[in-house]
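What follows is a set of notes on a single structure, which appears directly below.
Here it is in structure tokens:
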């Protein structure tokens, strides 16, 4: 079956030029990919579409390039680095996508787009995660980022801001969709092994093929690492993914997916600024307490923070996901129906202040979509209608953390969430080069908590001190049950102008709406670095909403390309997850008004037939607006300038290498009071890949942080910080990885 046709005026260089435009592209791939389009008079045919359910990279690029908003596409050739790949490696270096390594090892990075979920970790929100167009996020909007497996993906679609509504998201941040490699895309077997610094060893095996109308692709990945901050930084991860498709007719295809991941990693935790400079591989031993004879308070506390050797923080998670998707394509009409079931079993051993949280439960989702494409412009939807419903039930317990082991039960809750998202949009060609798009998104969500603890009191725990002072043996077990409903109507309008094929400018105004997760609504508090929690905060939070104005342009001229977006967002009731100076959770509150100003830039240049360069830059200025506590301060955790630059050199056939630079410039506030800041840093790396003649063997190497920079890749986000507190998460030191892949 052929991918739809388009007029020559609209599709020129479609399969190649947009590689540069999407911000994460590797420029040498342009010429190669450009050969997939065949020009005949005024019609361009893309060739056979391998899978109806899983779009090929060229079609994803063509579709997202035409969207009047901020988008990026990362294809297989853009994922240059092959050694020690992680989620951070897969989507980092994309304009507007901020990835902050948080725990090291098998990477649980903090991912944020436009600051949505900026202050969340370890369970995140603010971005809708999808695998093959079906949700990976849970029913309450939270997700475990390490459950993703980028090695099984052929294409990664990134929808920043309002463009996420097209795939079921309505958050301020947007959505990320990982599209799996199918047996139709790659009919081969691949085996690789790699290793390197910090005791890192990993292996990958994948195989797939097609027999008649049936195809299948399977991937298994396993890795382990001692970590930069050994012995409190070890991690291990195993993932297995399989998808099988059946082409029922030339217009109808069904595909089934099975994904399984089992991961565990130690949480080395934050350290002080002094330790970051003197010994970044260390872990924090807890606060320093000295007597204050004759004074008040009776003890002086410095370097507040968790006692990692005593509490042994760690996260373990196991997830099984079963899904199915059916796609029917008939000319300009496309119908899509998908189902997803996911079982998640996770345990997070927090420091003593929050205890050990265990969550087990199921989520079930249904997704339906109808698209009618513009005649003569077949990648632009004239009409899009979609419905996304997800429901989930989870049992959650919290036990005291008694020297790294489960102590007394502190709470038990049954959590239930539902989220329904309805989306309708349409596009009109109002002149030869002008298009107008309008959309309406509706969200209805419920968050229900049934407190099933049962006992009249909750026990307390003290493992060190002082402080705090004397604790009672138990505290009243106040009922934490609640039932919350949220609904929001979110309109959007866009106007776009194409002054040349694939060169467009656009302006968009859209509303976003984001209900809170259970991590916002049910927070254990009252603990200290030496004692367990005393109660729960169950604030009646409002949903976060925003209006965002985007102005952007993307295109190319000769060897140069650009993708530039400016946005301004006005937020009401922003969800802020607060912590005190010791890192202990204080709960979540709504900020009355906040503002976002940002610039997202992707630039590319093909220097000659064997050299290319690209730059991705993100500017963020996120502030409070007349806040009663923080005035017009900057929001904690938002780094102002992030730049990724690389040069790709291909001097001989099969060899590809080049340097890359990551520069985080300026100071990033650690606290909303803007009293403590994280310094910027610059990192230099070098990546190389050599495909031995014949194509069967591929050698790859990756050197990172060559100057052995001592830096904080991220930090805790607190309300009001203490200058001596443990708030900084060290980034890895100098590291070298390498490996070999064999293809059969």
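In the numbering used here, the protein residues as written are 1045 to 1788. Virtual Cβ for every residue (Gly too), placed ideally from N, Cα, C.
Report task. List the residues that DSSP assigns as beta-bridge partners of residue 1594. Result -> In DSSP, residue 1594 forms a bridge with 1552, 1611.
Mapping the DSSP letters down to three states, classify residue 1229 as helix, strand or coil. Correct three-state label for residue 1229: coil.
Taking a contact to mean a Cβ-Cβ separation below 8 angstroms, would you say residue 1347 touches residue 1768 in this structure? Contact flag set, yes.
*Range of the contiguous beta strand (DSSP E) that encloses residue 1135*: No beta strand (DSSP E) contains residue 1135, which is instead part of the alpha helix (DSSP H) from 1131-1135.
Quick one: measure Cβ to Cβ for residue 1316 and residue 1770, integer angstroms, because I've assumed they're closer than 8 angstroms. The pair is a contact, with the Cβ atoms about 5 angstroms apart (cut-off 8 angstroms).
Q | Span of the beta strand (DSSP E), counted from its first residue to its last, around residue 1201 | A | DSSP places residue 1201 in the uninterrupted beta strand (DSSP E) bounded by 1197-1204.
Quiz item: In three-state DSSP terms, what is residue 1618?
Solution: Strand, per DSSP.
Report task. Taking only the alpha-carbon atoms, compute the straight-line gap between residue 1370 and residue 1560 and give it to the nearest angstrom. Result -> Rounded to the nearest angstrom, the two C-alpha atoms are 31 angstroms apart.
Residue 1510 (DSSP reduced to helix, strand or coil) = Residue 1510 falls in the coil class under three-state DSSP.
**OP:** Report the residue from 1750, 1376, 1226, 1667 whose alpha carbon sits nearest the alpha carbon of residue 1636.
**Re:** The option with the nearest alpha carbon to residue 1636 is 1667.
Worksheet item: Out of curiosity, what's the CA-to-CA distance linking residue 1610 and residue 1592?
Response: Their backbone Cα atoms lie some 10 angstroms apart in a straight line.
- Message: Let me check understanding here. Comparing Cα to Cα, which of 1653, 1641, 1499, 1586 lies closest to residue 1634?
- Response: In terms of CA proximity to residue 1634, 1586 leads the group 1653, 1641, 1499, 1586.
### Identified DSSP bridge partners for residue 1310
Its beta-bridge partners are 1358.
Could you pull out every residue in the same chain whose Cβ sits closer than 8 angstroms to the Cβ of residue 1623, ignoring the five residues on either side in sequence?
1629, 1630, 1760, 1761, 1762, 1763, listed in sequence order.
Over what stretch of residues does the alpha helix (DSSP H) that includes residue 1105 continue unbroken? Here the alpha helix (DSSP H) through residue 1105 covers 1101-1110.
Among all the DSSP beta bridges, which residues are the ones paired with residue 1774?
Its beta-bridge partners are 1756.
* Would residue 1261 pass as a contact of residue 1221 if the rule is Cβ separation under 8 angstroms? -> Inclusion of residue 1261 and residue 1221 in the CB contact set at 8 angstroms is not warranted, their separation being larger than that value.
I need the DSSP call for residue 1186, collapsed to helix, strand or coil. Residue state, collapsed to three classes: coil.
*asked:* Give the list of continuous alpha helix (DSSP H) stretches no shorter than 4 residues that lie fully inside the stretch 1436-1461.
replied: Here no run is fully enclosed.
Reduced DSSP secondary structure (H/G/I, E/B, other) of residue 1561: In the structure shown, residue 1561 adopts coil according to DSSP, grouped into three states.
Worksheet entry | Start-to-end residues for the beta strand (DSSP E) that takes in residue 1689 | Segment 1685-1693, the beta strand (DSSP E) holding residue 1689.
> Taking all protein chains shown into account, do 16 or more other C-beta atoms lie within 10 angstroms of the C-beta of residue 1502, making it buried, or fewer, making it exposed?
Replying inline: Classified as buried, residue 1502 has 16 or more neighbouring CB atoms from the shown chains inside 10 Å of its CB.
**Message:** For residue 1644, report the span of its beta strand (DSSP E) as first-last.
**Reply:** Here the beta strand (DSSP E) through residue 1644 covers 1629-1652.
Discussion item. Going by DSSP, what residue range makes up the alpha helix (DSSP H) through residue 1283?
Written reply: In the DSSP annotation of this structure, residue 1283 is not part of any alpha helix (DSSP H); the continuous beta strand (DSSP E) holding it starts and ends at 1279-1291.
Next on the checklist: With H, G and I counted as helix, E and B as strand and the rest as coil, what does DSSP make of residue 1181?
Outcome noted: Three-state result, residue 1181: coil.
### Query
On the three-state DSSP scale, how would you describe residue 1095?
In the structure shown, residue 1095 sits in coil (DSSP, three-state: anything other than H, G, I, E or B).
Cutoff 7 angstroms; reference residue 1178; Cβ partners in own chain excluding five residues on either side: Result list for residue 1178: 1367, 1369, 1382, 1384, 1409, 1411, in chain order.
Practice task
Taking residue 1682 as part of the alpha helix (DSSP H), name the residues at either end of that continuous run.
Solution key: No alpha helix (DSSP H) contains residue 1682, which DSSP labels as neither H nor E.
*Once you ignore the five residues that flank residue 1336 on each side, which residues in its own chain have a CB closer than 7 angstroms to its CB?*
Closer than 7 angstroms at Cβ, skipping near neighbours: 1342, 1343, 1344.
Just the Cα atoms here: how many angstroms apart are residue 1740 and residue 1788? Going by the C-alpha atoms only, they are around 7 angstroms apart.
- Excluding sequence positions up to five away, which residues of its chain have a Cβ less than 7 angstroms from the Cβ of residue 1715? Within the same chain, residue 1715 has close Cβ partners 1680, 1762, 1763, 1764, 1765.
6 angstroms Cβ shell around residue 1717 - same chain, five flanking residues per side excluded
Only residues of its own chain outside the window of five on either side were considered, and among them 1764 have a CB closer than 6 angstroms to the CB of residue 1717, listed in chain order.
Item checked: Residue nearest to residue 1660 in terms of C-alpha spacing, selected from 1646, 1672, 1669, 1616 -> Its Cα nearest to that of residue 1660, the residue 1646 stands out among 1646, 1672, 1669, 1616.
I believe residue 1493 touches residue 1454 by the beta-carbon criterion, under 8 angstroms. Please report the beta-carbon distance rounded to the nearest angstrom.
That pair is no contact at about 15 angstroms.
Just list the residues that DSSP pairs residue 1748 with in beta bridges.
Residue pairing of residue 1748 in beta bridges, as defined by DSSP: 1779.
Exposed or buried, what is residue 1751 when buried is set at 16 or more other beta-carbons lying within 10 Å of its beta-carbon? Flag for residue 1751 reads exposed.
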